[in-house]
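All letters in the sequence shown, in the order written, are residues 181 to 384 by my numbering.
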Amino acid sequence: MRRFPTLLMFGTLALGLPLLAAAHDGDIDKVNGAVRVEAGQQAGDVSTVNGAVHVGDNAGVKEASTVNGAVELGDKAQATSLGTVNGAISMGRDSRVTGEVDAVNGRIELAEGADVGGKLGNVNGAIILNAAHVAGGIHTVGGDITIGANSHVEGGILVEKPSGWFNFNSRTPLVVIGPHAVVQGTLEFHREVVLKVSDSAQIG
């Protein structure tokens, strides 16, 4: 989520200014509005403040990020990383992210066949895998984690203890590992969780 400090500063400076968009070498930066990469199209880094990022089916981008908005990756679409502050992230069927997927205060959901090559995590919000794959492990502070049927996670699961601004989150997270799911690596819990593991799942 390297772009977030820049985006936050950009958004602050742009308050009261009209809608702004810029493109350099395929990059798209916008303030106060959604960004859309149409199906089958290619783009560079795509970002916005106060708006969503939509990447269509079979499209490709580098980094897709936003502040106060959702990031949606279509079916069979590709990106190097996805990130948002205060928004959800969704990955369509057979989509692929080669790097990390990160959200702060937002839900993350991967459809069937979706693949993440790096880490996937958030601070708050549900994390749901539907027959999907994550290679770099999953982490959260206060979110529920559902490793759905036939999903595969490498790098384990980490639930961190709330600290600083997040001390208010006293709710006990729920971690579910569904039928025929595989979680390779350590299940590391720095706080109390409710853990439910299917008899047919493989962990550790």
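Glycine included, every Cβ here is placed at the ideal spot set by N, Cα and C.
Given the structure is predicted, the values throughout are model-derived calculations rather than measurements.
Candidates the options: closest to residue i by CA position
{"i": "serine 380", "options": "Gly328, Val374, Gly240", "result": "Gly328"}
{"i": "glutamate 252", "options": "Gly384, Asp209, Val215, Leu375", "result": "Val215"}
{"i": "valine 226", "options": "Ile269, Ser245, Ala312, Val339", "result": "Ser245"}
{"i": "glycine 231", "options": "Gly286, Gly220, Val247", "result": "Val247"}
{"i": "histidine 319", "options": "Ile308, Gly301, His332", "result": "Gly301"}
{"i": "isoleucine 307", "options": "Ala294, Gly323, Gly293", "result": "Gly323"}
Contact test: residue i Cβ vs the ligand SAM heavy atom, cutoff 6 Å
{"i": "glycine 272", "result": "Only the bare structure without any ligand can be found here, which leaves the ligand SAM out of the picture."}
Same chain, Cβ closer than 7 Å to residue i, neighbours up to 5 away in sequence not counted
{"i": "aspartate 255", "result": "Asp237, Gly272, Arg273, Asp274, Ser275"}
{"i": "glycine 365", "result": "Gly317, Glu334, Gly335, Gly336"}
Residue i and residue j closer than 7 Å at C-beta
{"i": "threonine 260", "j": "glutamate 243", "result": "yes"}
{"i": "glycine 249", "j": "glycine 224", "result": "no"}
{"i": "alanine 283", "j": "asparagine 310", "result": "no"}
{"i": "glycine 279", "j": "glycine 298", "result": "yes"}
Residue i - DSSP class collapsed to helix/strand/coil
{"i": "asparagine 285", "result": "coil"}
{"i": "valine 377", "result": "strand"}
{"i": "glutamate 368", "result": "strand"}
6 Å Cβ shell around residue i - same chain, five flanking residues per side excluded
{"i": "valine 356", "result": "Thr326, Lys376"}
{"i": "valine 296", "result": "Val277, Val281, Val314"}
{"i": "threonine 186", "result": "Low local confidence applies: a pLDDT of 39 at threonine 186 is under 50, so the model's placement there is unreliable, with the coordinate-based value given in what follows. For threonine 186, where only same-chain residues beyond five positions count, there are no Cβ hits under 6 Å."}
Assigned exposure category for residue i - 16 Cβ within 10 Å defines buried
{"i": "glutamate 289", "result": "buried"}
{"i": "valine 374", "result": "exposed"}
{"i": "glycine 358", "result": "buried"}
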